[in-house]
Each structure stands twice: as C-alpha cells, then as structure tokens.
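Colleague:
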Amino acid sequence: MLATIGGVGLAATGLAHFVAPDAFRGITEQAFPKNTDRFLMINGAFETVVGTLIAVPKTRKAGLIGLGLYGAHLTSNLALARLR
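Numbering-wise (the working numbering), the sequence shown opens with residue 222 and increments by one.
1) Does DSSP classify F253 as helix, strand or coil?
2) Which same chain residues end up closer than 6 Å to T234 when comparing Cβ atoms and leaving out the 5 residues on each side of it in sequence?
3) Helix, strand or coil for A276 per DSSP?
4) What number of angstroms, rounded off, separates the C-alpha of L285 from the C-alpha of I275?
5) For P242, I'd like the list of residues in its chain whose CB is within less than 6 Å of its CB, leaving aside the five on either flank, ordered along the chain.
6) Tell me which residues share the same chain as A283 and place their Cβ nearer than 6 Å to its Cβ, disregarding the 5 neighbours each side in the sequence.
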C-alpha cells in the first residue's frame, strides 16, 4: 500500500512539472544548467512513468529499478554541474 501511495505521489509530481514548471525550474537548473527547460520536461515525464510503474504491483520492480537509475542520473549531473 505504501509503495502504491509513493508511486502515485511521484507520478503526480511528474505531471506537476508540466502544469507548474516554475516550481521545478530552480531545482532542475542546479543539475542541468544548460537546456534547463528541456530537462525539466524530460524529468517530469520520467517521474510520471516511474511513479506509475511503482504504483502498479505488477510493474513495481521495473519502477523501482527505474527510480534507482533516475536517482543516479540526477546525482551524477548535479555533481558534474558543481564541478564546472
């Protein structure tokens, strides 16, 4: 049940990237200083898909793997952006 709620929350956050992008621009800009708006939309789409996968028990494992990959992707881009 908790995974379903978390997945729905992540999917809703992903959709919010499209509805209220200004709320995410500052955060996204830290990890993606170039093409921020493009990556803001990509991140929103990815969060929507991964959250949906996590919310559905049959696809939860794939969603959790995607979440791990997404976390690594964001972390590495944030670290690289800070080095520049």
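We put the CB at the ideal spot given by N, CA and C, even for glycine.
Modeller: Once the coordinates are examined:
1) To locate residue 253, count along the sequence shown from 1; it is residue 32. It is coil, neither helix nor strand.
2) As a working note, residue 234 is residue 13 in the sequence shown. These residues qualify, in order along the chain: E268.
3) One-based indexing of the sequence shown puts residue 276 at position 55. In the displayed model, A276 falls within a helix according to three-state DSSP.
4) Working through the sequence shown from its first residue, we reach residue 285 at position 64. Working through the sequence shown from its first residue, we reach residue 275 at position 54. The alpha-carbon atoms of L285 and I275 are separated by roughly 6 Å.
5) Position 21 of the sequence shown, counted from the first residue, corresponds to residue 242. So the list reads L261, once near-sequence residues are dropped.
6) Position 62 of the sequence shown, counted from the start, is the residue given in the question as residue 283. Apart from sequence neighbours up to five positions away, the residues of its chain that approach A283 with a beta-carbon distance below 6 Å are L274, ordered along the chain.
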